[in-house]
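> Residue numbers (UniProt numbering): 1 to 72.
1. Applying the criterion that 16 or more other CB atoms from any shown protein chain within 10 Å of the CB defines a buried residue, is residue 45 buried or exposed?
2. At which residues does the alpha helix (DSSP H) containing residue 45 begin and terminate?
3. Could you give the distance in angstroms between the alpha-carbon of residue 5 and the alpha-carbon of residue 33?
4. Candidates 65, 58, 54: which alpha carbon is nearest residue 8's?
5. Using only the alpha-carbon positions, how far apart do residue 47 and residue 2 sit?
6. Given residue 41, which residues of its chain have a CB within under 7 Å of its CB, disregarding the five upstream and five downstream residues?
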């Protein structure tokens, strides 16, 4: 049996809450995830650094977004 590895969450970011059919009405999940990841890079000064594992998610996803994190 493999020994469990220690993990750490070093930071997080999200886009602001908004009402339905508001500012994100024409944005895709990929657009919103890209904005959140770019904000994370900016917030923690990660420009040019290689990250280990990154976990992302979306509350509601279209079937075309099955591989959303890999595409961003």
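C-beta: ideal position from N, C-alpha, C; glycine also.
According to the structure data:
1. As a position in the chain shown, residue 45 is number 45, starting the count at 1. That one is exposed.
2. As a working note, residue 45 is residue 45 in the chain shown. Here residue 45 belongs to no alpha helix (DSSP H), and DSSP marks it neither H nor E.
3. Counting from 1 along the chain shown, the entry for residue 5 is found at position 5. Counting from 1 along the chain shown, the entry for residue 33 is found at position 33. Their backbone Cα atoms lie some 27 Å apart in a straight line.
4. As a working note, residue 8 is residue 8 in the chain shown. The closest CA to that of residue 8, considering only 65, 58, 54, is found on 54.
5. Looking up residue 47 in the chain shown gives position 47. Looking up residue 2 in the chain shown gives position 2. Their Cα atoms are separated by approximately 34 Å.
6. Sequence index remark: in the chain shown, residue 41 carries index 41 (1-based). Closer than 7 Å at Cβ, skipping near neighbours: 47.
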